[in-house]
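The structure appears below as structure tokens.
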Amino acid sequence: DVKVTQSSRYLVKRTGEKVFLECVQDMDHENMFWYRQDPGLGLRLIYFSYDVKMKEKGDIPEGYSVSREKKERFSLILESASTNQTSMYLCASSFRGNYGYTFGSGTRLTVV
Amino acid sequence: GQQVMQIPQYQHVQEGEDFTTYCNSSTTLSNIQWYKQRPGGHPVFLIQLVKSGEVKKQKRLTFQFGEAKKNSSLHITATQTTDVGTYFCAGVLIYNQGGKLIFGQGTELSVKP
Numbered sequence: 016d017v018k019v020t021q022s023s024r025y026l027v028k029r030t031g032e033k034v035f036l037e038c039v040q041d042m043d044h045e046n047m048f049w050y051r052q053d054p055g056l057g058l059r060l061i062y063f064s065y066d067v068k069m070k071e072k073g074d075i076p077e078g079y080s081v082s083r084e085k086k087e088r089f090s091l092i093l094e095s096a097s098t099n100q101t102s103m104y105l106c107a108s109s110f111r112g113n114y115g116y117t118f119g120s121g122t123r124l125t126v127v
Numbered sequence: 058g059q060q061v062m063q064i065p066q067y068q069h070v071q072e073g074e075d076f077t078t079y080c081n082s083s084t085t086l087s088n089i090q091w092y093k094q095r096p097g098g099h100p101v102f103l104i105q106l107v108k109s110g111e112v113k114k115q116k117r118l119t120f121q122f123g124e125a126k127k128n129s130s131l132h133i134t135a136t137q138t139t140d141v142g143t144y145f146c147a148g149v150l151i152y153n154q155g156g157k158l159i160f161g162q163g164t165e166l167s168v169k170p
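So the protein sequences, as listed, match chains A and B. Start counting the first sequence at 16; every next residue gets the next number (my numbering). Start counting the second sequence at 58; every next residue gets the next number (my numbering).
This is the structure in structure tokens:
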């Protein structure tokens with residue numbers, strides 16, 4: 016069963032902490048994405064990557080960075096967590112080109 | 058900013074009634090995809106439409122892509138409680154070479170038994 020795995024389902028962090036969200040896919044997908052989902056705002060793209068060591072900013076990259084050292088792994092980093100980064104974070108992957116995305120189960124991050 | 062608009066935001070129906078959600082883009086789309094997210098779950102890919110005027114069916118679900126490739130709709134016939142969830146459209150802009158999806162804000166469907 017192919018899947019996208021996110022390291023944590025729930026996470027609570029303190030303001031100012033550096034937070035790492037990990038995402039691993041086993042489908043040999045080239046593309047990987049990080050979204051955040053908030054009520055009434057839908058899915059907003061934070062960062063994406065089309066290949067190893069490649070990254071591109073999405074619509075809301077401020078306060079975030081990413082790392083893709085291996086094809087199967089895409090990490091989202093909150094350099095200094097703030098309360099407005101409390102959200103559901105969803106990782107997704109897809110083959111290059113126009114293919115459907117496979118999403119992970121999400122990480123609900125609370126910053127206190 | 059948001060370039061794919063989806064309406065309505067919420068829809069409450071009685072079981073057995075039909076349901077439709079609409080998706081509109083300000084620019085021409087290369088293709089459009091539809092996803093379903095159950096309460097507490099994550100978005101799951103349903104289908105992709107590529108051709109102008111394309112219509113696809115999955116059991117009680119009918120998906121349409123407009124002639125101008127700027128709008129799309131999802132119609133559910135005779136809703137069931139298992140249809141509950143949020144339905145998202147997501148489009149790839151015609152000039153986007155990377156296949157990056159632009160998601161609509163979703164339509165949350167509730168079904169009263």
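Ideal placement from N, C-alpha and C gives every residue a C-beta, glycine not left out. A quick note: this is a predicted structure, and the numbers were derived from the prediction, not measured.
Does the pairing of the stretch 77-88 of chain B with the stretch 93-106 of chain A give three or more beta-carbon distances under 8 Å? Flag = no, the stretch 77-88 of chain B and the stretch 93-106 of chain A do not touch.
Length of the line joining the Cα atoms of A:Lys-70 and A:Ser-64: Approximately 4 Å between the Cα atoms of the pair.
Tell me, to the nearest whole angstrom, how far the beta carbon of A:Lys-33 is from that of A:Ser-95; I am working on the premise that it is less than 8 Å. With a Cβ gap of about 7 Å, A:Lys-33 and A:Ser-95 count as contacting.
For B:Lys-114, which residues does DSSP report across the bridge? By DSSP's assignment, B:Lys-114 forms a beta bridge with B:Thr-119.
Just by C-beta distance, which residues in the stretch 78-103 of chain B are closer than 9 Å to chain A? Listed by position along the chain: Ser-87, Asn-88, Gln-90, Tyr-92, Gln-94, Gly-98, His-99, Pro-100, Val-101, Phe-102 and Leu-103.
Looking at chain A, is there any beta carbon in it that lies within less than 7 Å of the beta carbon of B:Gln-105? At least one chain A Cβ lies under 7 Å of B:Gln-105.
By DSSP, does A:Asn-113 sit in helix, in strand, or in coil? The answer is coil: DSSP assigns A:Asn-113 none of H, G, I, E or B.
Buried or exposed: A:Thr-98, going by 16 or more other Cβ atoms within 10 Å of its Cβ? Counting Cβ neighbours within 10 Å, A:Thr-98 comes out exposed, since fewer than 16 surround it.
Exposed unless 16 or more other CB atoms sit within 10 angstroms - verdict on B:Val-122: The question names Val, but residue 122 of chain B in the sequence shown is Phe. B:Phe-122 sits buried, since 16 or more C-beta atoms from the chains shown fall within 10 Å of its C-beta.
Outcome for A:Asp-53 when other beta-carbon atoms lying within 10 angstroms are tallied against a minimum of 16: Exposed: under 16 other Cβ atoms inside 10 Å.
How should B:Pro-126 be labelled, buried or exposed, when 16 other C-beta atoms within 10 angstroms of its C-beta is the threshold for buried? According to the sequence as given, residue 126 of chain B is Lys; it is not Pro. Looking at its Cβ environment, which holds 16 or more other Cβ atoms inside 10 Å, B:Lys-126 is buried.
Who are the Cβ neighbours of B:Thr-138 in its own chain at under 8 Å, not counting the five residues just before and after it? Beyond the five residues adjoining it in sequence on each side, B:Thr-138 comes within less than 8 Å, by CB distance, of Glu-72, Val-168 and Pro-170 in the same chain, given in chain order.
Where does the unbroken beta strand (DSSP E) through A:Lys-85 begin, and where does it stop? Here the beta strand (DSSP E) through A:Lys-85 covers 79-85.
For A:Tyr-116, return the contacting residues in chain B, with the cut-off set at a CB-CB distance below 9 Å. Residues of chain B with a Cβ closer than 9 Å to the Cβ of A:Tyr-116 are, in chain order, Gln-90, Tyr-92, Pro-100, Phe-102, Ala-147 and Leu-158.
Please report the residue range of the beta strand (DSSP E) in which A:Leu-36 lies. Here the beta strand (DSSP E) through A:Leu-36 covers 34-36.
Contact criterion: CB-CB distance below 7 Å. Does B:Gly-110 meet it with respect to chain A? With a threshold of 7 Å between beta carbons, B:Gly-110 makes no contact with chain A.
Under 9 Å (Cβ pairs) to chain B, residues found in the stretch 51-77 of chain A: Listed by position, the residues of the stretch 51-77 of chain A near chain B (Cβ gap below 9 Å) are Gln-52, Gly-55, Leu-56, Gly-57, Leu-58, Arg-59, Leu-60, Phe-63, Tyr-65, Glu-71, Gly-73 and Asp-74.
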